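What follows is one structure encoded as structure tokens, with my remarks underneath.
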Amino acid sequence: MGRPVMLYLVCAILAFWSSGSLVTAEDAYRYYTWTVTYGTASPLGFSQQVILINGQFPGPKLDLVTNDNVILNLINKLDQPFLLTWNGIKQRKNSWQDGVLGTNCPVPPNSNYTYKFQAKDQIGSYTYFPSTLLHRTAGAFGALNIWQRSVISIPYPKPVGDFTLLIGDWYKYNHKVLQQRLDAGKNLPFPDGVVINGQAHPSFGGDQGKTYMFRISNVGFKTSLNFRIQNHKLKLVEVEGSHVIQNTYDSLDVHVGQSATVLVTFDQPPKDYYIVASTRFTEQVLTATAVLHYTNSRTAVSGPLPAGPAPKDVQWSLNQAKTLRWNLTANAARPNPQGSFHYGKISVTKRFVLANSAPLINGKQRFAVNGVSYVNPDTPLKLADHFNIPGVFGLNSIESSPSGVSPHYGVSVLSTSLHDFIEIVFQNNERSLQSWHLDGYDFWVVGYGAGQWTQASRATYNLEDALTRHTAQVYPNSWTAILVSLDNQGIWNLRSAIWEKQYLGQQVYLRVYTPTRSLANEYDIPTNVLLCGKAVGKHP
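Letter by letter, the sequence shown follows residues -25 to -1, 1 to 515 in mature numbering (1 follows the signal peptide of the UniProt record, and there is no 0).
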């Protein structure tokens, strides 16, 4: 072979490997060390004990880019075991990092655990929070925002800035006192207030004529909230990772565990305006306020607070929920339209009707699903499944629909297969609003209805442009239907996002199984896995 030909081949090979269209750089790695401690703060204007992360309340904001790899070392300096869960992160092939008691052993006091996960194929506003005991009522929650990669377009002009607003109800009581009350079989009292970013009256500022992004997440314990800004419109652009039809609202209902992203244009006369979060569907209305400050303002906030919907107007909330639709022409985290996956044309392989209830068991208040009130075993289900440990859970531990069984304790696991396409109906027979979350997935919210769900209810489903999200509300004495594509192997928590109900048994686990072990379906057990219960002494 002559020298010119050899030189040509070398140049061609170098050009091939350097071509950005053929080979891309490895996705970024982001390293964090978080130390969890007790501290003091004044969310409602008086000092009380809270849970801090790196001395912060709320915890540090995680700003990531789609496909970033997160290596996060969590150091627990509390006097109780502790876990964080990543609310809305899909954890592709990686339920080992889910951070709930069905998948992970909690981090003991004065110990640490390193989470390793990827923000795979997601864009949007999410949160994290503690999943152990009632730590959520003391803090340790925070924002987790995922931005699009540079090659991905978004269906709105880039805002000049963004704000994160973590809104939620709050108790003046220590989390251990609240836990003792639930353990004694009593309901929790009504919350003592509402906070925004852990404060009573924070401020957010910007320039007149500019448009800003507001990321709103309900990180509270049990109460739906309505969010609004005095004299300003809210243009909804994203809900829990899905770009939506960009309707404009005067106010938005955000239920427990849910997130929404809006654009707000500072298009009013230069002064200060109220930002309001107030409770919904409650006898007493609790309100938190913040200030929207124009940088050229010379006038302090004034006037009455902007009015929201009537506190108990369920129909108003339902009507708004039905306006939330998928933007089928927008790009997703990867450069393809969101609507390219035609969920409405896929045959359902399994169906579940899950009815919540609030029974007394052995004289104590509990909450249940299809008559089973979940109790966490000492051994996480994920470890029991991996090591084939008997006696931890059974696959026939809960009926696929309510059958009138007497309420009882149990370890509820729904058996499904990888690549099933399932329908879940949440049947709410109680007078309070419910909120349901599924870890590891998003799902299509295809229907809402009053009363009892029947087979005929499917005729009302939206099979064209239903919104995908990870947390769905179920209105009092009503039902909500979702469709889920089970493309993520593992054991995943399906729970009430209302933590009082979750703690007292209103949760199940979804076992998404295939007999073939493959890295294409699920990652191997982590080498740093924590072992507890019957898994102690096992080798990863």
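The beta-carbon is built from N, C-alpha and C at its ideal position, and this holds for glycine as well.
Bear in mind the structure is a predicted one, so any value in this text is a computation, not a measurement.
Checklist entry - Cβ atoms of V25 and L58: under 8 angstroms apart, would you say? => result no
Checklist entry - Among S315, Q313 and H383, which residue has its Cα nearest to the Cα of G338? => result H383
Checklist entry - Excluding five sequence neighbours on each side, which residues of the same chain lie with their C-beta closer than 7 angstroms to the C-beta of Q72? => result Q66, Y90, K91 and F92
Item to check | Contact belief for V239 with L261 at Cβ below 8 angstroms, rounded distance in angstroms | outcome: At roughly 23 angstroms, the Cβ-Cβ gap does not stay under 8 angstroms, so V239 and L261 are not in contact.
Checklist entry - Relative to the C-alpha of V251, which residue among P281, Y7 and R156 is closest? => result P281
Item to check | 6 angstroms Cβ shell around I50 - same chain, five flanking residues per side excluded | outcome: T10 and N87
Next on the checklist: Beta-carbon within less than 8 angstroms of G34's beta-carbon, same chain only, minus the 5 sequence neighbours each way: which residues are those?
Outcome noted: W9, L27, I28, Y103, G114, A115, F116 and G117
Item to check | Continuous alpha helix (DSSP H) stretch holding E475: start and end | outcome: W474 to Y478
Next on the checklist: Based on DSSP bridge pairs, tell me the residues matched to A495.
Outcome noted: Paired residues: none, contrary to the question.
Checklist entry - When the Cα atoms are used, what is the spatial distance from N172 to L39? => result 20 angstroms
Checklist entry - Which two residues bound the contiguous alpha helix (DSSP H) that contains D360? => result L356 to F362
Item to check | G422 versus Q448: straight-line alpha-carbon distance, rounded | outcome: 11 angstroms
Next on the checklist: Under DSSP, the beta strand (DSSP E) around W71 begins and ends at which residues?
Outcome noted: Taken as a continuous stretch (DSSP letters only), W71 belongs to no beta strand (DSSP E), as it is neither H nor E.
Next on the checklist: Checking 8 angstroms against the spacing of the C-beta atoms, do N120 and R190 come in under that value?
Outcome noted: yes
Checklist entry - How many Å lie between N371 and T391 at the Cα? => result 11 angstroms
Item to check | Close Cβ partners of Y436 (< 7 angstroms) along its chain, the five nearest in sequence each way excluded | outcome: V421, G422 and A456
Checklist entry - Distance, Cα to Cα, G379 vs S192? => result 36 angstroms
Next on the checklist: Using CA atoms only, rank isn't needed, just tell me which of Q430, R255 and G319 is closest to L458.
Outcome noted: G319
Checklist entry - Pairing CB atoms from the stretch 341 to 359 with CB atoms from the stretch 504 to 513, are three or more of them under 8 angstroms? => result yes
Checklist entry - Quick one: what's got a C-beta closer than 8 angstroms to G(-6)'s C-beta in the same chain, skipping five residues either side? => result With a pLDDT of 35 at G(-6), under the threshold of 50, the modelled position of this residue cannot be trusted, and the question is left open.
Checklist entry - Of all the options Q23, T270 and V483, which has the alpha carbon lying nearest to the alpha carbon of V152? => result Q23
Checklist entry - Should the stretch 342 to 349 be regarded as contacting the stretch 489 to 502, the criterion being three or more beta carbon pairs within less than 8 angstroms? => result no
Checklist entry - Any chance the stretch 479 to 490 sits against the stretch 229 to 249, with 3 or more Cβ pairs inside 8 angstroms? => result no
Next on the checklist: By alpha-carbon positions, which one of S199, Q430, L461 and R124 ends up nearest to L413?
Outcome noted: L461
Item to check | CA nearest to the CA of H150, picked from S106, M188 and G181 | outcome: S106
Next on the checklist: Between L329 and I399, how many whole angstroms is the CB-CB distance? I'm expecting something under 8 angstroms.
Outcome noted: 6 angstroms
Next on the checklist: Using the Cβ count rule (16 or more neighbours within 10 Å means buried), how would you classify D167?
Outcome noted: exposed
Item to check | 8 angstroms Cβ shell around D96 - same chain, five flanking residues per side excluded | outcome: T41, N42, K65, R67, A307, A308 and R309
Next on the checklist: Using only the alpha-carbon positions, how far apart do F368 and I46 sit?
Outcome noted: 31 angstroms
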